Amino acid sequence: MSRLFGSILSVLATSVLLAGCSLFSTRTPDEPVTDAGTFSQPDTPEQVIDNIIAAVGEMNALNYRRSLKDDLLFHPTASAEARESVFANWGRAQEDQYFTAAAAAARLNTGHSLVLNDRSFTIISDTEYLLDATYVLTINHSRPDAPSEVQGRLQWLVEQSSNGLWDLKEWTDQELGGKTSWSDLKAEFLK
1 MSRLFGSILS
11 VLATSVLLAG
21 CSLFSTRTPD
31 EPVTDAGTFS
41 QPDTPEQVID
51 NIIAAVGEMN
61 ALNYRRSLKD
71 DLLFHPTASA
81 EARESVFANW
91 GRAQEDQYFT
101 AAAAAARLNT
111 GHSLVLNDRS
121 FTIISDTEYL
131 LDATYVLTIN
141 HSRPDAPSEV
151 QGRLQWLVEQ
161 SSNGLWDLKE
171 WTDQELGGKT
181 SWSDLKAEFL
191 K
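What follows is the structure, given as structure tokens:
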């Protein structure tokens, strides 16, 4: 008898708990995240490139940051490095700071773009690819001291992490014919 009573009591207690916590009831769905922008899981090196292009076009600092390795290495143009001390210890934190400042200055404007021409991919290893390309970067911002369009040549070393996803590991910027480069733009936004 006490065994039957214990079973009934157990079923009743479970029923009360389930009814009280609305385990099987529907809920109001969360609102979608509106500032998410365009970002694809970087399963290939090409997706990293596409994500950076989209982040620049949308001036989305979060997605830009998500495309960079924690230990990012940046090599500015020789002339920018000679002129600007900001490049002495440039890493992911400085890259994020520059792009966040640029995104804030470009907040009310449109027409931002990163165009990569003459692309060539070189397989370094199973986990490293090198992109070599010329670029034209346009950021329509409100800072009179910084250029809105820069040009140059870049080399991006894209590396696969242990989780299988790819990120930008190393970046080398080169001048093209004395034109203002991406390095120059980065320096202006960190002054």
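First residue of the sequence shown? That's 1 in the numbering used here, and the numbers climb one at a time after it. Backbone N, C-alpha and C define an ideal beta-carbon position, used for all residues, glycine too. Computed from a prediction, not measured in an experiment: that's the story for all the values here.
Outcome for residue i when other beta-carbon atoms lying within 10 angstroms are tallied against a minimum of 16
{"i": "Pro144", "result": "exposed"}
{"i": "Leu108", "result": "exposed"}
{"i": "Pro32", "result": "Residue placement at Pro32 is poorly supported in this model, since its pLDDT is 47, which falls under 50; the coordinates still yield a value, given next. Pro32 should be labelled exposed."}
{"i": "Asp173", "result": "buried"}
{"i": "Thr34", "result": "Residue placement at Thr34 is poorly supported in this model, since its pLDDT is 48, which falls under 50; the coordinates are not used for a value here."}
{"i": "Asn89", "result": "exposed"}
{"i": "Asn60", "result": "buried"}
Contacting residues, own chain, Cβ-Cβ under 6 Å from residue i (five flanking each side not counted)
{"i": "Leu114", "result": "Ile53, Val56 and Leu137"}
{"i": "Lys69", "result": "Asp167 and Lys169"}
{"i": "Leu73", "result": "Glu170"}
{"i": "Val150", "result": "Leu137, Thr180, Ser181, Trp182 and Leu185"}
{"i": "Ala105", "result": "His141, Ser142 and Arg143"}
{"i": "Leu23", "result": "Note that Leu23 has pLDDT 49, beneath the 50 cutoff, so the model's placement of it is unreliable and no number is given."}
{"i": "Ile124", "result": "Leu130"}
Beta-carbon spacing of residue i, residue j below 9 Å
{"i": "Glu170", "j": "Gln160", "result": "no"}
{"i": "Glu81", "j": "Ser183", "result": "yes"}
{"i": "Tyr135", "j": "Asn117", "result": "yes"}
{"i": "Ala93", "j": "Asn63", "result": "no"}
{"i": "Pro45", "j": "Phe99", "result": "no"}
Contacting residues, own chain, Cβ-Cβ under 7 Å from residue i (five flanking each side not counted)
{"i": "Asp50", "result": "Ser40"}
{"i": "Glu175", "result": "Thr77, Ser79, Gly152 and Ser181"}
{"i": "Glu95", "result": "Leu68, Leu72 and Phe74"}
Beta-carbon contacts of residue i that lie in its chain and below 8 Å, excluding the five residues immediately before and after
{"i": "Leu165", "result": "Gln41, Pro42 and Asp43"}
{"i": "Ala101", "result": "Phe189 and Leu190"}
{"i": "Gly91", "result": "Asp71, Leu72, Leu73 and Phe74"}
{"i": "Thr127", "result": "Glu159 and Gln160"}
Identified DSSP bridge partners for residue i
{"i": "Thr134", "result": "Asn117 and Arg153"}
{"i": "Tyr129", "result": "Ile123 and Val158"}
{"i": "Leu168", "result": "Leu68 and Val158"}
| Length at least 3, wholly inside the region 37-84: the beta strand (DSSP E) runs in chain order | 68-75
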